[in-house]
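Its first residue numbered 1, the sequence shown is counted upward by one per residue in UniProt numbering. Step one of this worksheet: look at the structure below.
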Amino acid sequence: MALSNVSFHGYLVQPPNCSISNGQNIELTFRDVNIDDINGSNYEQVVPYTITCDTAVRDPQMEMTLTWSGTQSDFDDSAVATDLNGLGIHLKQAGSDFKLHTPLVVNETSLPVLTAVPVKKSGVDLPESDFEAWATLQVDYQ
Numbered sequence: 001m002a003l004s005n006v007s008f009h010g011y012l013v014q015p016p017n018c019s020i021s022n023g024q025n026i027e028l029t030f031r032d033v034n035i036d037d038i039n040g041s042n043y044e045q046v047v048p049y050t051i052t053c054d055t056a057v058r059d060p061q062m063e064m065t066l067t068w069s070g071t072q073s074d075f076d077d078s079a080v081a082t083d084l085n086g087l088g089i090h091l092k093q094a095g096s097d098f099k100l101h102t103p104l105v106v107n108e109t110s111l112p113v114l115t116a117v118p119v120k121k122s123g124v125d126l127p128e129s130d131f132e133a134w135a136t137l138q139v140d141y142q
């Protein structure tokens, strides 16, 4: 019988520390939205964000991801629920749906354009009212 000892070794590294918009809240104001004009295209706005990471540690094997979290609307899995029943804020990246709670691999040097647009549930009559929605944008290295 032949035996051989095997040695395992490596070096543990921390992923870079990153922040979105320097840790500040990002706010979008839709102003006056005509209820009859809500169609998932009108009133679309760019989400203004930046990502900065320390440069001390970089591992080319690590991937940067962005993830939205929040309360999902009951009619659109890419929309954050608002405080008005039947109204959501649909999230997109580079023109495509950006589903909540689904990490998106991104290139740190060429971040995607994120947008948000009001959407309404089919058959719902929305009242004239203020509305709000809340979501969290998270950056991770994996």
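By construction, the Cβ of each residue, glycine as well, lies at the ideal position given by its N, Cα and C atoms. Computed from a predicted model, the values in this text were never measured in an experiment.
Taking a contact as a CB-CB distance under 8 Å, the pair Leu84 and Leu126 counts as one, their CB atoms being some 6 Å apart. Pairing Gln24 with Ser7, the inter-Cα distance amounts to about 47 Å. Rounded to the nearest whole angstrom, the C-alpha separation of Gly10 and Thr55 is 21 Å.
Shortest Cα-Cα distance from Ser129 to any of Leu28, Cys53, Gly86 involves Gly86.
Spanning the alpha carbons of Phe30 and Asn17 requires a straight line of approximately 32 Å. Boundaries cannot be given for Leu12, as no beta strand (DSSP E) includes it and DSSP labels it neither H nor E. If you draw a 10 Å sphere on the C-beta of Thr136, you find fewer than 16 other C-beta atoms in it, and that means exposed. With respect to Ile51, Ile89 sits apart: the two C-beta atoms are not nearer than 8 Å.
Rounded to whole angstroms, the gap between the alpha carbons of Tyr43 and Leu28 is 11 Å.
Of the candidates Trp68, Asp77, Gly40, the residue whose Cα lies closest to the Cα of Leu104 is Trp68. Under the DSSP assignment, Lys121 falls outside any beta strand (DSSP E); it carries neither an H nor an E label.
CA-CA distance, Ala79 to Gly95, rounds to 14 Å. Residue state for Gly40 is assigned as coil, using DSSP reduced to three classes. For the pair Asn107 and Met62, the Cα-to-Cα distance works out to about 11 Å.
Scanning Gln93, Asn22, Met1, Asp74 for the CA closest to the CA of Leu111 turns up Gln93.
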